[in-house]
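J.:
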Amino acid sequence: MTTMSDPPRADGFRVSKLINDTRYRSYTFQFIALVLLILGFGWLINNAINNPVLREAGIDFTFLQAPAGYDINQQPISYDSQDTHLRATIIGAINTLIVAFLACVTATILGVIAGVLRLSNNWIIKKLMAVYVELFRNIPVLIWIIIIFTVAANTFPPISEFRIPRDGSDPERGLLFGMFAATNQGVFIPRLDFAEQGWIIAAVALASVAGVFCWRAFARKELYEKGRELPVFWPSLLILILPVVIVNFALGSPVGIENPEMGRFRFEGGFLLRPSLISLWFALSVYTGAFIAENVRAGILAVSKGQTEAAAALGLRPGRIMSLVVLPQALRVIIPPLISQYLNITKNTSLAIAVGYMDLTGTLGGITLNQTGRALECILLLMLFYLTFSLAISAIMNIYNRSVALKER
Amino acid sequence: MKKSVFLGTVAAAGLAAVGASAQTLSDVQERGTLNCGVTTGVPGFAEPDADGVWQGFDVAVCRAVAAAVLGDPTAVTFVPTTGKTRFTALASGEIDVLARNTTWTFSRDTDLKFDFTGINYYDGQGFMVPASLGVSSATELDGATICIQTGTTTELNLADYFRVNNMSYEPVPIETGSESVQQYLAGACDVYTTDRSALAAQRAGFANPDDHVILPETISKEPLGPLVRHGDSEWFDIVKWTLNALIAAEEYGVTSENVEEMASAPTDNPEINRLLGTEGELGSMMGLENSWAKNAIAAVGNYGEVFDENIGDDTAIGLARGLNAQYTEGGLLYAPPFR
């Protein structure tokens with residue numbers, strides 16, 4: 001309002017107006033801020049140019065082609081210590097995306113459940129969820145990562161109890177169902193073992209997924225057109241599992257299950273979920289889940305109470321009111337802050353080094369940087385990678401946001 | 001960690017004024033203290049004692065340099081560094097000398113633009129395993145889970161050793177030595193690998209040291225020594241010759257107890273006289289007082305004293321002199337002549 005209260009004056013421009021006149025004052029301050037910003041960056045860049053170490057070494061990315069020389073435990077693509085730093089970097093990037101994806105999924109599930117339950121009429125459940133949210137939201141995620149990692153290393157049974165004693169007697173502990181083992185060196189689970197005709201099974205599995213979507217579309221059509229309600233969950237499950245099992249059996253089991261088996265030191269074969277992945281995944285999920293729960297609660301509260309009451313008046317059950325009336329409208333409020341939570345998860349994965357998870361910061365920003373001494377190059381690349389990841393996630397989520405946003409015509 | 005590396009880079013850019021030109025000596029003298037990079041804590045090598053005073057084998061190098069340059073062994077600001085932050089700290093000028101069991105390698109000397117001032121401990125990488133594992137040689141470790149301190153040469157040696165011997169292993173990279181030990185003790189890894197001296201030091205701190213064995217194999221050469229920035233030869237000379245002075249002092253029988261007496265009047269050994277400044281002008285050739293070596297020896301003792309006090313047979317760490325004996329005793333320590 002103050003800007004409007006100054007009547008335009010007839011007299012000309014004076015220098016003092018730059019400070020005293022509200023019409024010019026904002027420009028003055030913006031200009032000062034801009035000059036300071038340019039000077040600040042100029043000073044940093046000038047220092048970098050004049051830095052003796054940098055001047056001698058220069059900026060040079062050829063180190064990426066040199067053999068890395070170190071090993072990485074979690075390898076989504078094949079790698080050995082003779083591969084290049086570039087490949088190690090890519091492995092780190094994939095590992096970052098793996099844990100970010102897993103954590104986003106579980107954080108969303110946890111967050112939605114906790115957010116909905118926090119509005120429950122049941123006092124105990126409501127308070128439990130409040131405790132969860134406040135406890136996890138208000139302690140730094142790095143602390144959670146380390147706590148969970150330490151607890152996992154000290155509470156899971158030591159792998160030595162699974163080892164076959166040297167006298168050949170039975171080990172203290174065996175595999176659960178002959179398939180699973182939770183140890184302090186990680187959780188060992190079975191792995192799918194693809195033989196030659198495995199691709200057929202994969203194709204059948206894909207077709208089954210398509211089949212599930214078809215069934216759901218059909219069920220919806222029946223409901224809307226004929227008012228006949230068809231079951232969705234059990235048939236979907238059947239469509240998903242049955243063809244795969246039958247085809248696998250008919251072809252003579254090209255896709256088998258490879259169970260972990262005890263070797264000299266640890267289980268061989270099967271699949272290993274490392275403690276570093278588990279603790280990072282779990283910590284990021286529960287931490288960010290607490291934030292998402294608050295977003296969900298806010299979104300639900302933003303939906304007018306009249307909507308719920310109207311739906312109840314139409315005879316909808318509480319579960320249906322939530323899934324058909326409230327949540328779809330709440331999503332419009334929930335999605336935008338959810339995007340920032342996903343970005344937070346992705347960026348927080350860089351804390352992985354605390355538990356030795358070999359993410360991008362651990363490989364490129366850690367070992368590669370340290371072994372080659374190319375700090376500036378590595379940090380620049382690191383920034384580029386994280387920027388790309390974040391912008392890509394934003395872009396995808398914004399597309400989704402537009403699809404659920406209120407359509408204004 | 002990303003943050004600290006980034007800040008380090010910013011610091012590297014920001015402290016450009018420190019550096020290539022030969023002015024570390026005048027900087028230290030103006031400041032009145034020596035900034036010395038050490039580990040975040042390895043028993044016997046660098047660790048604060050109960051009173052918060054840094055003690056150890058590497059710390060003694062810092063104190064000797066401070067005594068030589070400033071005449072006061074307590075005028076040292078100790079900067080704890082991790083395996084990852086140490087080089088940035090040195091390159092940026094945050095520290096004047098890095099005395100942190102750092103292995104002298106070709107690429108660190110040339111590509112990273114540092115200068116190693118000598119070797120104060122000849123080490124090699126070894127393995128420690130729980131005795132209950134029933135392993136007696138590193139060649140039996142195929143498939144084992146191994147804790148390593150990330151960002152060190154041990155990581156590369158390990159990869160090479162297992163590749164050459166056609167064995168596989170599961171690396172568990174960990175940021176600091178003390179965390180690695182905790183993981184090892186919790187059983188999260190079967191094997192802990194690092195320099196043998198550090199293995200012995202850590203093992204000495206265990207509740208039951210006898211439950212753990214250090215395997216006989218030494219898989220690498222790890223010459224550890226202090227290092228400085230490349231390009232400041234005056235400062236390089238000072239750190240190098242301070243270390244040499246401690247080594248020479250042991251050879252000639254100069255100790256922290258008799259150094260005052262020996263320096264008060266020329267002895268009949270001219271080498272000792274030149275070392276302690278009663279003959280010649282060695283100190284002023286480096287821009288220091290002639291009593292520089294005397295001050296250093298008086299502050300921490302000679303090399304043998306430093307070794308015995310911090311990591312020798314009579315300490316909990318209990319390392320034998322081995323390669324780190326004087327050349328006259330069959331070791332590799334050999335200080336060039338003071339002339």
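Going down the list, the sequences are from chains A and B.
The numbering of the first sequence is UniProt numbering, which starts it at 1 and goes up by one.
The numbering of the second sequence is UniProt numbering, which starts it at 1 and goes up by one.
C-beta: ideal position from N, C-alpha, C; glycine also.
1) Does the beta-carbon distance from A/M383 to A/Q74 come in below 7 Å?
2) Let me see if you follow: with CB-CB separation under 7 Å, is B/G280 close to chain A or not?
3) Taking 7 Å as the CB-CB limit, is A/Q30 close to chain B?
4) So what does DSSP say about B/I317, is it helix, strand or coil?
5) Which whole-angstrom value describes the C-beta separation of B/T193 and B/T154, a residue pair presumed to lie in contact below a C-beta threshold of 8 Å?
6) Note down, in chain order, every chain B residue with its Cβ under 7 Å from the Cβ of A/P275.
7) Could you tell me which residues DSSP puts in a beta bridge with B/Q149?
8) By a C-beta neighbour count over all protein chains shown, 10 Å radius and 16 as the cutoff for buried, is A/A250 buried or exposed?
9) For the segment 74-100 of chain B, list the beta strand (DSSP E) runs that are entirely contained and at least 3 residues long, ordered along the chain.
10) Can you pull the chain A neighbours of B/T88, defined as C-beta to C-beta under 8 Å?
11) Buried or exposed for A/P275, please, with buried defined as at least 16 other CB atoms from any protein chain shown within 10 angstroms of its CB.
12) Within its chain, find whatever has a CB closer than 6 Å to the CB of A/A293; leave out the 5 residues flanking it on each side and keep chain order.
13) Is B/H212 helix, strand or coil by DSSP?
14) In terms of DSSP beta bridges, what is B/W54 paired with?
15) Measuring alpha carbon to alpha carbon, tell me which residue in B/G41, B/L25, B/T267 is nearest B/N35.
16) Please report the Cβ distance between A/V255 and A/G178, rounded to the nearest whole angstrom; I am assuming they are in contact, meaning their Cβ atoms lie under 8 Å.
17) Against chain A, which members of the segment 145-178 of chain B pass a CB distance test of less than 7 Å?
18) Output, in sequence order along the chain, the residues in the segment 99-118 of chain B whose CB is closer than 7 Å to any CB in chain A.
19) Exposed or buried, which one is B/W235 when buried takes at least 16 other CB atoms within 10 Å?
20) What residue range does the alpha helix (DSSP H) around A/Y132 cover?
21) Would you kindly check if the distance between the Cβ of B/T218 and the Cβ of B/T82 is under 7 Å?
22) Go through the segment 21-66 of chain A residue by residue and report every complete run of the alpha helix (DSSP H) that reaches 4 residues or more, in order.
23) Going along the chain, which residues of the segment 177-198 of chain A sit with their C-beta nearer than 7 Å to a C-beta in chain B?
24) Can you grab the Cα-Cα spacing for the pair B/A263 / B/D72, in whole Å?
25) Within 7 Å of any Cβ in chain B, is that where the Cβ of A/S390 sits?
26) Taking DSSP's pairing of strands, which residues face B/F236 in a bridge?
27) In this structure, how does DSSP classify A/L406 when only helix, strand and coil are distinguished?
28) Judging by CA-CA distance, which residue of B/F338, B/A75, B/K84, B/F114 is the nearest neighbour of B/A299?
29) Are there 16 or more other CB atoms within 10 angstroms of the CB of A/F213, so buried, or fewer, so exposed?
30) Measuring only between beta-carbons, confirm whether A/D71 sits less than 7 Å from chain B.
31) Identify whether B/Q29 lies in helix, strand or coil by the three-state DSSP scheme.
32) Apply the 10 Å Cβ neighbour rule to A/R87 and answer buried if 16 or more other Cβ atoms are within range, or exposed otherwise.
33) Buried or exposed for A/E222, please, with buried defined as at least 16 other CB atoms from any protein chain shown within 10 angstroms of its CB.
34) Do A/P190 and A/I257 have their C-beta atoms closer together than 7 Å?
35) Note down, in chain order, every chain C residue with its Cβ under 9 Å from the Cβ of B/K221.
36) Rounded to the nearest angstrom, what separates A/L206 and A/W234 at their Cα positions?
T.: Taking the coordinates as given:
1) no
2) no
3) no
4) coil
5) 6 Å
6) A188
7) B/I174
8) exposed
9) 76-80
10) A375
11) buried
12) G111, A114, G115, V133
13) strand
14) B/P48
15) B/L25
16) Incorrect: roughly 18 Å between the Cβ atoms, too far for contact.
17) T145, T150, G151, E155, L156, A159, R163, E170, P171, V172, P173, I174, E175
18) D111, L112, K113
19) buried
20) 123-137
21) no
22) 22-50, 52-57
23) N184, Q185
24) 17 Å
25) no
26) The partner list for B/F236 (beta bridge, DSSP) is empty, contrary to what the question assumes.
27) coil
28) B/A75
29) exposed
30) yes
31) helix
32) buried
33) exposed
34) yes
35) The structure shown contains no chain C; its protein chains are A and B.
36) 18 Å
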